[in-house]
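Reviewing the structure listed below.
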Amino acid sequence: MGKISPLFGGAKLVCVITSDNHIDVKHPVPKVPMWFLTQSLKDSAKAAVPVDAYITVGDTTSRGSIENWELVRKCFRGVRPAENIFLTVGNHDLWHDGGFDAALNNYLLYSNKICGTNHDKTWFSHTVNGYKLIFLGNTEDAGCEAHLGEAQLAWLDAELTETGGKPAFVFCHQSLNGRHGLPVTWDRSGTCTDPMEGGVGTESDELAEILKKYPKVFYFSGHSHMGLGGEKRMAEDGYSSFEKEGSLTLINLPSLACGNHHGDDRSMGIGLVLEVYDDRVLIRPRNFATHTMNSRVLIKDGKPYWEELLDA
Ligand SMILES: [Fe+2]
Numbered sequence: 193m194g195k196i197s198p199l200f201g202g203a204k205l206v207c208v209i210t211s212d213n214h215i216d217v218k219h220p221v222p223k224v225p226m227w228f229l230t231q232s233l234k235d236s237a238k239a240a241v242p243v244d245a246y247i248t249v250g251d252t253t254s255r256g257s258i259e260n261w262e263l264v265r266k267c268f269r270g271v272r273p274a275e276n277i278f279l280t281v282g283n284h285d286l287w288h289d290g291g292f293d294a295a296l297n298n299y300l301l302y303s304n305k306i307c308g309t310n311h312d313k314t315w316f317s318h319t320v321n322g323y324k325l326i327f328l329g330n331t332e333d334a335g336c337e338a339h340l341g342e343a344q345l346a347w348l349d350a351e352l353t354e355t356g357g358k359p360a361f362v363f364c365h366q367s368l369n370g371r372h373g374l375p376v377t378w379d380r381s382g383t384c385t386d387p388m389e390g391g392v393g394t395e396s397d398e399l400a401e402i403l404k405k406y407p408k409v410f411y412f413s414g415h416s417h418m419g420l421g422g423e424k425r426m427a428e429d430g431y432s433s434f435e436k437e438g439s440l441t442l443i444n445l446p447s448l449a450c451g452n453h454h455g456d457d458r459s460m461g462i463g464l465v466l467e468v469y470d471d472r473v474l475i476r477p478r479n480f481a482t483h484t485m486n487s488r489v490l491i492k493d494g495k496p497y498w499e500e501l502l503d504a
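The sequence shown begins at 193 in my numbering and counts up by one.
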C-alpha cells in the first residue's frame, strides 16, 4: 500500500487512467461502482506528485441518463483527482431510452461540467505538458462498435502530425479488432467467433493504418472488461493487455468497477498509471482500491509494468 508515486524522478507527464466504471442507478448496489470510482479519484488526488490528468476510457455510466451522470458528478464532488480530467465516451454512455441524441447531450453536458471543458463533440484533443492526448468517440449510434466517421479519422491523422516528435496518447473505448484476444475475450463465455465483435468494427483497419503511420503512438482502450493480462497470457494464449505492432503500442484496460474475465488479475479496482519521461514511457497497472501497484502479473521483460524506451 502506498501513494501513487512515479518509479523514477523527472517524470514529464503523469496520468491516472481507468475505464468502464459503469456508474448505474439500476446496479443492484449503486454505491459499489461509485465506491471504486471514488477510490480511484481519491488515490489520484493523494498521489506523491501532482497528477497531470485523470482519464477514463469510456463507459463511465452504464446508460447515459441524467440520473447516472448525477451519480458520477457526486463521485467527483469535493475531490480534484488531477489538474485535468478527460472522460472518453463509451458505447454505454451513448445508450439511453430517449435515444442517441439525448445521451450525447447528457455526455457533453456532464463531462464538460465535471472536466471544466467546453467540448461540443465526442472527439477532441488537449496538449498537456507538451504531450498530445487525443480522445476519439462515436458520432452516431453504432451499437457496440465505434463509428468515428471520415471527418474524425482525417482529424486524427492531422493531429498525429503535430506531436513535436513526442509520443502521442490516443484514447478510444473500443480496441482495434482482433487485438487483446478478441473476439474470444469479448465476453465471459469465451465463445465469440465473429472477428468484428468487441472491437472498433468496420473502421478498425482504417484506424489502424492511421495510427501506424506515426512513431510513438500509444492507443488505450477498454470495452471488453478483460482482466489484466501480461507475458504469461501472451505465452499461453497469444494475447495480452499490452501489445505491440510496429511503432504502435496497444493497451487495453480492465473494467474498474464491473467485474473482469479472461485476465490473470480479474480484480475490480484496476487501472493504470502512465508515466512519461524524456527517454521512456512507463505504464504501470495499479489497484486503486487497495492502493497497490501491480506485482502479480508480469507485463514485459519480467517486470510488472510496460516500459518502452523512446529512441532518438
Ligand atoms: Fe463497459
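We put the CB at the ideal spot given by N, CA and C, even for glycine.
Apply the 10 Å Cβ neighbour rule to residue i and answer buried if 16 or more other Cβ atoms are within range, or exposed otherwise.
i: residue 220; result: exposed
i: residue 310; result: exposed
i: residue 324; result: buried
i: residue 353; result: exposed
i: residue 193; result: exposed
i: residue 273; result: buried
i: residue 573; result: Outside the shown range of the chain, which is 193 to 504, sits residue 573, and nothing can be said about it.
i: residue 395; result: buried
i: residue 243; result: buried
i: residue 494; result: exposed
i: residue 328; result: buried
i: residue 197; result: exposed
i: residue 381; result: exposed
i: residue 301; result: exposed
i: residue 291; result: exposed
i: residue 200; result: exposed
i: residue 419; result: buried
i: residue 501; result: exposed
i: residue 360; result: buried
i: residue 357; result: exposed
Tell me whether residue i sits in a helix, a strand or coil according to DSSP, three-state version.
i: residue 445; result: coil
i: residue 495; result: strand
i: residue 461; result: coil
i: residue 303; result: helix
i: residue 230; result: helix
i: residue 391; result: strand
i: residue 225; result: helix
i: residue 377; result: helix
i: residue 423; result: helix
i: residue 398; result: helix
i: residue 437; result: strand
i: residue 211; result: coil
i: residue 348; result: helix
i: residue 343; result: helix
i: residue 428; result: helix
i: residue 360; result: strand
i: residue 324; result: strand
i: residue 205; result: strand
i: residue 416; result: coil
i: residue 199; result: coil
i: residue 367; result: strand
i: residue 490; result: coil
i: residue 501; result: strand
Nearest-residue set for ligand 1, Cβ under 5 Å from any heavy atom: Near ligand 1, meaning a Cβ closer than 5 Å to any of its heavy atoms, lie the following residues in chain order: 212, 251.
Would you check if there are 3 or more beta carbon pairs closer than 8 Å linking the segment 472–489 to the segment 211–221? Per the Cβ contact rule, the segment 472–489 is not in contact with the segment 211–221 (fewer than 3 Cβ pairs under 8 Å).
Output the residue ranges of the beta strand (DSSP E) runs that lie fully inside the segment 245–300 and measure 3 residues or longer, sorted by chain position. The DSSP assignment places complete beta strand (DSSP E) segments of no fewer than 3 residues inside the segment 245–300 at 245–248, 276–279, in order along the chain.
Tell me, please, whether the segment 223–231 touches the segment 262–270 by the rule of three or more beta-carbon pairs shorter than 8 Å. The segment 262–270 and the segment 223–231 touch, with three or more beta-carbon pairs separated by less than 8 Å.
Please confirm if the segment 445–465 is in contact with the segment 390–410, defined as three or more CB-CB distances below 8 Å between the two stretches. As far as the Cβ criterion goes, the segment 445–465 does not touch the segment 390–410, which means the pair count is below three.
For the segment 271–287 against the segment 373–392, are there 3 or more C-beta pairs whose distance is under 8 Å? In this structure the segment 271–287 does not touch the segment 373–392; the number of beta carbon pairs closer than 8 Å is below three.
Given 8 Å, three or more beta-carbon pairs between the segment 404–411 and the segment 335–348: Counting Cβ pairs under 8 Å, fewer than three are found: no touch.
Contact between the segment 431–447 and the segment 360–380: three or more CB pairs below 8 Å? Verdict: yes, contact present.
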